[in-house]
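To keep things clear, I will list the structure first and then write my remarks on it.
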Amino acid sequence: MENIVQWSDLTGMKILLVDDTTANLDVLSKILGSENYEIALAKSGEQALKTAIHFQPDLILLDIMMPEMDGFETARKLISNDTIRDIPFIFITAKSAIEDIVKGFENGCVDYIVKPFQQNEVCARVKTHLQLQAAKKSLKLLNQQKNRLLGIAAHDIRGPLGGILANLEILQDQALNLSQDKKEECINTAYTTANHLLTLVNDLLDVSVIETGELRLQISSGNLKQLIKQRLNLYNMQANIKNISIIPHLSVEPQVAMDKNRITQVLDNLIINAIKFTPQGKSISVQLEIDQHFAKTSIINEGPGFTVAEQQYIFSDESKLDNKPTAGEKSTCLGLAIAREIIASHQGELCLNSVPEKYSLFSFTLPLADDGAEIKRSHN
678 MENIVQWSDL TGMKILLVDD TTANLDVLSK ILGSENYEIA LAKSGEQALK
728 TAIHFQPDLI LLDIMMPEMD GFETARKLIS NDTIRDIPFI FITAKSAIED
778 IVKGFENGCV DYIVKPFQQN EVCARVKTHL QLQAAKKSLK LLNQQKNRLL
828 GIAAHDIRGP LGGILANLEI LQDQALNLSQ DKKEECINTA YTTANHLLTL
878 VNDLLDVSVI ETGELRLQIS SGNLKQLIKQ RLNLYNMQAN IKNISIIPHL
928 SVEPQVAMDK NRITQVLDNL IINAIKFTPQ GKSISVQLEI DQHFAKTSII
978 NEGPGFTVAE QQYIFSDESK LDNKPTAGEK STCLGLAIAR EIIASHQGEL
1028 CLNSVPEKYS LFSFTLPLAD DGAEIKRSHN
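Just so we're on the same page, my numbering is the position in the sequence shown counted from 1, plus 677.
Spelled out as structure tokens, the structure:
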């Protein structure tokens, strides 16, 4: 999942300083360099345009009084270039006459700084506009993610919903002519498809909650071995239908700091995926280990595995894999992305180790109960 830009953390944001006087550039570089910004310099309007396109700064400080191309003309050319037109700029001027300030705003500046420079003023004005720029980037990313999720929803919901309607139409239009077996087949198909649709909708809602930073955890001490056994018992019948053996290795019984409902969600996702992608007659191994501070759960299946390239993006909410479930089961691309975020919010880690055509090993860690005291009960 993409990282949202945090407007409160401006470290590493990029500033382009434009002034034909070396002394002014030196002073501004010293002032802003102490704030851990990334700085680029230009000594003319022409150089500023080229540097802005290459450097893609978050903010430009632009001197008005420059030879050949002054700040006003440079500003107009910045705004007319599609690749840099949205970068905000602050005019630097030795003038304080109201008409010059007004002309600056008319040419698109967001603020102005008057020479000689006052360190506190420069830092405050720059920080304000970098925060605004970071907030705009965050909103843009959130809007892109919203549109992507809506696209996923429209694409993935259409198929299951069409299947449900088709079976209901058969029951509605041909009920009197259908055998009991055919009626049960239509009902079972509609029911199974509706469950898949519900899973998809829940996944979409979870992604939305996580990406907006609103995932909340209710952390308490819990017995991880008991929870794993409970979930394996639930899915044993599903595995048996495919002639798959689930082999538990649960010799330890750790107490971990966890949100039981969320870790149940992670276990269900990993177990269901293991069953989906394991060929008939093969086995799934579930292991539980303890080290000094963490409990580690591993789920290994003898399925088709994943290539190195697939492993790089398998936890992305945009992940689309070549591997297909071995018995035609339905699968979405969102579950693993959600699972990784849930484990990360517990201060643990979800990892994959896989060899194509041999096995896949998904493992996640959770802090032991005594070490989980620092986990906040609500995670934002």
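Just so you know, even glycine gets a beta-carbon here, dropped at the ideal spot from N, CA and C.
Relative to the Cα of E1034, the nearest Cα in the group A1021, G980, D763 belongs to G980. Secondary structure of D1047 (DSSP, three-state): helix.
With respect to the 9 Å criterion, L807 and D735 are classified as neighbours on the basis of their beta carbons. Closest option to F749, judged by alpha-carbon separation, among D777, Q724, T760, L1038: D777.
Each residue's CA atom was taken as its position, placing A916 and A852 some 34 Å apart.
If you draw a straight line from the Cα of G722 to the Cα of I764, it comes to about 15 Å. Taking 9 Å as the cut-off, the Cβ atoms of D697 and K720 count as close. Excluding residues up to 5 positions away in sequence, I924, I977 lie with their Cβ nearer than 6 Å to the Cβ of S962 in the same chain. Here the C-alpha atom of N872 lies approximately 58 Å from the C-alpha atom of L718. Three or more pairs of CB atoms, one per stretch, sit closer than 8 Å, so the region 891-902 contacts the region 924-941. A direct Cα-Cα distance of roughly 32 Å separates E712 from L892. Per DSSP, D696 lies in no beta strand (DSSP E) segment and is marked neither H nor E. Between Q988 and L1029, the C-beta gap is smaller than 9 Å, which places the two residues in contact. With contacts defined as CB atoms closer than 9 Å, T751 and L738 fail to qualify as a contacting pair.
Within the same chain, Cβ atoms closer than 8 Å to the Cβ of G710 are found at I716, the five residues on either side in sequence being excluded. Only exposed fits E745, as fewer than 16 other CB atoms lie within 10 angstroms of its CB. H1023 sits in coil when the DSSP states are folded into three classes, being neither helix nor strand. Taken in chain order, the complete beta strand (DSSP E) segments of 3 residues or longer contained in the region 924-955 are 932-935. With fewer than 16 other beta carbons inside 10 angstroms of its own, K707 counts as exposed.
Taking a 10 Å sphere around the C-beta of S757, we find fewer than 16 other C-beta atoms and assign the residue as exposed. Counting the other Cβ atoms within 10 Å of the Cβ of L705 gives 16 or more, which makes it buried.
When DSSP states are grouped into helix, strand and coil, G748 belongs to the helix group.
In the three-state scheme derived from DSSP, where H, G and I count as helix and E and B as strand, K973 is classed as strand. Per the coordinates, the alpha-carbon of D747 lies some 6 Å from the alpha-carbon of I741. Between the alpha carbons of I1019 and F971 lies a gap of roughly 16 Å.
DSSP places A719 inside the beta strand (DSSP E), whose first and last residues are 715-719.
In the structure shown, the three-state DSSP call for S706 is helix. Rounded to the nearest whole angstrom, the C-alpha separation of N854 and T870 is 24 Å. Distance from the CA of E783 to the CA of V799, rounded to the nearest whole angstrom, comes to 22 Å. Bounds of the beta strand (DSSP E) holding Q964 are 960-967. Measuring C-alpha to C-alpha distances from N879 to each of F1041, L1011, A700, G1025 identifies L1011 as the nearest. Around the Cβ of S1031, a 10 Å sphere holds 16 or more other Cβ atoms; the residue is buried.
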